[in-house]
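Peer 1: Numbering (the numbering used here), first residue to last: -5 to 238. All residues carry an ideal CB built from backbone N, CA and C; glycine is no exception.
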């Protein structure tokens, strides 16, 4: 399995909904054209995989490729994977427009440099985002995260989370759970980046040795918070006692 494209295949897998590819070092590019009904895609330990792709057929002026069936996408340990953009035959690229994508996970991707461009527009249904051990991932996309996101997990992405974290209005208002793990230098969280999160219920900050409860006092948290965990210590809040 090298590079899948229409030029090399005379048919597509029209009824395939789930595709899992593991330990396939010969896979470099995977064409979404072959899987028009794909619902779930998982790629794991494909060390030469670089990009998803589409054919050279013309697309809209917005330079987007629409796939309405995709609900879950996860990429694990694909060392050459750098970007969420789709490679087009001929060398250009497109943005992936997946309006029904709900779960997106990137794990152990040492060369991933950016999150999907305009993901707040192109991935409007996204509810769960996992970012794990992506050391080159530098920033959140311009425009922010999708408004329907309820769970955000950021683990061992040192360029995303440094000594301080959280710009104002960075996180979407519907966020319910925030999980941070593995930031030894994290000392402060900008509480102003939390106050507008009136759906936030749980915040977990784990294996961040410089961070403690005094770095995030109760009065800096939105009233919706019911559980704050820092390290192995859990503090629960009673909504009645907090004046709700």
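Would you say residue 160 touches the ligand SAM, meaning its beta carbon is less than 7 Å from a heavy atom?
Peer 2: Ligands in the displayed structure: none, and consequently the ligand SAM is not present.
Peer 1: For residue 118 and residue 140, which I take to be in contact (beta-carbon distance under 8 Å), what is that distance rounded to the nearest angstrom?
Peer 2: With a contact defined as Cβ atoms closer than 8 Å, residue 118 and residue 140 qualify at about 6 Å.
Peer 1: Quick one: what does DSSP say residue 123 is sitting in, helix, strand or coil?
Peer 2: strand
Peer 1: So what's residue 185 in DSSP terms, helix, strand or just coil?
Peer 2: helix
Peer 1: Return the chain-ordered ranges of every beta strand (DSSP E) run that is complete within the stretch 120 to 208 and spans a minimum of 3 residues.
Peer 2: Qualifying beta strand (DSSP E) stretches, in chain order: 122 to 126, 145 to 149, 171 to 175 and 196 to 200.
Peer 1: Let me know if residue 44 comes out buried or exposed under the rule of 16 or more other beta-carbons within 10 Å of its beta-carbon.
Peer 2: buried
Peer 1: Quick one: using the 10 Å Cβ neighbour count with 16 as the cut-off for buried, is residue 9 buried or exposed?
Peer 2: Flag for residue 9 reads exposed.
Peer 1: From the DSSP output, in three-state form, read off residue 61 for me.
Peer 2: coil
Peer 1: I need the straight-line Cα distance from residue 48 to residue 168, nearest angstrom please.
Peer 2: Whole-angstrom Cα-Cα distance: 33 Å.
Peer 1: Since residue 189 and residue 165 should fall inside the 8 Å C-beta cutoff, what is the C-beta to C-beta distance between them, to a whole number of angstroms?
Peer 2: Incorrect: roughly 11 Å between the Cβ atoms, too far for contact.
Peer 1: For residue 106, does the three-state DSSP call read helix, strand or coil?
Peer 2: Residue 106 sits in coil when the DSSP states are folded into three classes, being neither helix nor strand.
Peer 1: Might you give, ordered along the chain, the residues of its own chain that have their beta carbon closer than 8 Å to the beta carbon of residue 88, omitting 5 neighbours on each side?
Peer 2: 48, 53, 57, 58, 59, 79, 80 and 82
Peer 1: Provide the residue span of the beta strand (DSSP E) that contains residue 13, from first to last.
Peer 2: 12 to 16
Peer 1: Grab the span of the alpha helix (DSSP H) containing residue 116 for me, first residue to last.
Peer 2: 113 to 116
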